[in-house]
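J.: Residue numbering for the sequence shown is 671 to 1053, as defined by our numbering.
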Amino acid sequence: MSVTAARGFRAAGVTAGLKDSGKPDISLVVNDGPSAAAAAVFTSNRCKAHPVLWSEQAIKGGTARAIVLNSGGANCYTGPEGFAATHRTAERVAELIGVGAIDVQVCSTGLIGRLLDEGKVLAGVDAAVEALSPEGGHDAATAIMTTDTVDKQATVSGDGWVVGGMAKGAGMLAPALATMLVVITTDADVDASTLDGALRAATSRTFDRLDSDGCQSTNDTVLVMASGASGVVPDAGEFTEALTKVCHDLALQLLADAEGADHEIAITTVSAASEADALEVGRSVARSNLFKTAIYGKDPNWGRILASVGTTSAQFDPLDLDVAVNDVWVCRGSGVGESIDLVDLEPRQVSVTIDLKAGDQSATIWTNDLTHAYVHENSAYST
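1) Write down the C-beta distance between Ser941 and Gly1029 rounded to the nearest angstrom, noting that I regard them as a contact closer than 8 Å.
2) Please list, in chain order, all residues of the same chain as Asn1038 whose beta carbon is under 7 Å from its beta carbon, the five residues on each side excluded.
3) Starting from the Cα of Gly794, find the closest Cα among Gln886, Leu698, Ala676 and give me that residue.
4) Residues in the same chain with beta-carbon distance under 8 Å from Lys1027, minus the five sequence neighbours each way, listed in chain order, please.
5) Buried or exposed: which applies to Thr1053, given that a residue is buried once 16 or more other Cβ atoms fall within 10 Å of its Cβ?
6) For the region 904 to 930, list the alpha helix (DSSP H) runs that are entirely contained and at least 4 residues long, ordered along the chain.
7) Judging by CA-CA distance, which residue of Glu805, Ala744, Met895, Gly1007 is the nearest neighbour of Gly731?
8) Check whether the Cβ atoms of Pro1058 and Trp831 lie closer than 8 Å to each other.
9) I'd like to know if the region 814 to 822 and the region 756 to 765 are in contact, where contact means that at least 3 CB-CB pairs between them fall below 8 Å.
10) Do Arg680 and Asp702 have their C-beta atoms closer together than 8 Å?
11) Is the region 954 to 962 touching the region 976 to 986 in the sense that three or more CB pairs, one from each, lie closer than 8 Å?
12) Rounded C-beta distance between Asn745 and Ile696? I'm assuming under 8 Å.
13) Helix, strand or coil for Leu986, going by three-state DSSP, please let me know.
14) Please report the straight-line C-alpha distance between Ala797 and Asp859, rounded to a whole angstrom.
15) Mind checking whether Ala682 and Val791 have CB atoms under 8 Å apart?
16) Identify the residues that DSSP records as bridge partners of Asp741: which are they?
17) Which two residues bound the contiguous beta strand (DSSP E) that contains Gln886?
18) Bridge partners of Asp992, per DSSP?
19) How many whole angstroms separate the CB atoms of Gly867 and Leu851, which I take to be in contact at a CB cut-off of 8 Å?
20) For Gly807 and Leu865, I'd like the C-alpha separation in whole angstroms.
21) Mapping the DSSP letters down to three states, classify Trp999 as helix, strand or coil.
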């Protein structure tokens, strides 16, 4: 059910012919209210797709009645015609569901630099509106997939209210307020300000800490809409916790589907002087191709981990660092620890713990290994 698990929402996913594969490629989620409160975060990449530029402005009023998403083309760097196509898409949705275009968020995903077939998009919007259903969450989640091998959906229930979400993403997953396309819905009665605060708190500890390949998209969007259909006004902290759980669930689903990955890696930095230090250290290791290829080769090469730690500005003594791989402390005091032969890297799940011995803060960054399959996927993607 995902985005239609919450009351007050309908969704659809249809085929408009944007993908050569003939698979679904237009997704629509509509908030029937009574509330239209919404909040969003977008890529901080300075090179932004037309739908992001539109949606950044449209969300400033703190409302959204619908979001329309297409796969099969990013509509990025497609000139004035590309932005006009985004505007006309929002207008078509608005006309058909009886709202203003400013209350329609737009997302696109796919290759950069290719102009969308606007006729197909608008025909797809027409079909999606006709197909809208309170049971349409799964179809909507399927229609936003590109290189994804599975759809991503999650729900969390509160006391009389629900948060549900869907996501797409399997590559270009790096922090920037958002890391892919995500739509989250709730039937809780939550105002726009509370939604915005909860969303930023949730993304900072979930999507922002997913760093699959260090590449940041031009189209990243995370939107949350509240229908208020439950009539329940939850405690702000309780709502933020539920929203964070949905974001965390979706983030780990994205990681599990990362292009070509054989291992999912949780890098936890402990005893840091600050959370910022812990995040910097974890991210440095996560972005090391030497480290990522070592894990792919089932080699617990802790020297590559220390080399990455040393490139950061975090506080630590370079001569007194500890590193564990899958709970085996292979490095103690910046020297040889337990035998690396004790580390089993056959399982898909891998944990790395880095002890800086500099404070009491910690943080986890999630990444994956770098494989031959990743290189093939991304070298052949446009063809």
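Where a beta carbon is used, it is the ideal one built from N, C-alpha and C, also for glycine. Note that the coordinates shown come from a computational prediction; the quantities given were computed from them, not determined experimentally.
T.: Taking the structure as given:
1) 6 Å
2) Ser882, Leu925, Ala928, Ala931, His933, Glu934, Ile935
3) Leu698
4) Ser941, Phe986, Asp987, Asp990, Leu991, Asp992
5) Note that Thr1053 scores 48 on pLDDT, short of 50, meaning its location in the model is unreliable and no value can be drawn from it.
6) Listed in chain order, they are 906 to 926.
7) Met895
8) With the chain covering only 671 through 1053, there is no way to say anything about residue 1058.
9) Pairwise C-beta distances place the region 814 to 822 out of contact with the region 756 to 765, as fewer than three of them are shorter than 8 Å.
10) yes
11) The region 976 to 986 vs the region 954 to 962: in contact.
12) Going by Cβ atoms, the distance from Asn745 to Ile696 rounds to 13 Å, so no, they are not a contact pair.
13) It is Phe, not Leu, that sits at residue 986 in the sequence shown. Under the three-state reduction of DSSP, Phe986 is assigned to coil, being neither helix nor strand.
14) 30 Å
15) no
16) The question names Asp, but residue 741 is Ser in the sequence shown. Under the DSSP definition of a beta bridge, Ser741 partners with Thr779.
17) Gln886: not part of any beta strand (DSSP E); DSSP gives it neither H nor E.
18) Asp1025
19) Going by Cβ atoms, the distance from Gly867 to Leu851 rounds to 22 Å, so no, they are not a contact pair.
20) C-alpha separation (whole angstroms): 21 Å.
21) strand
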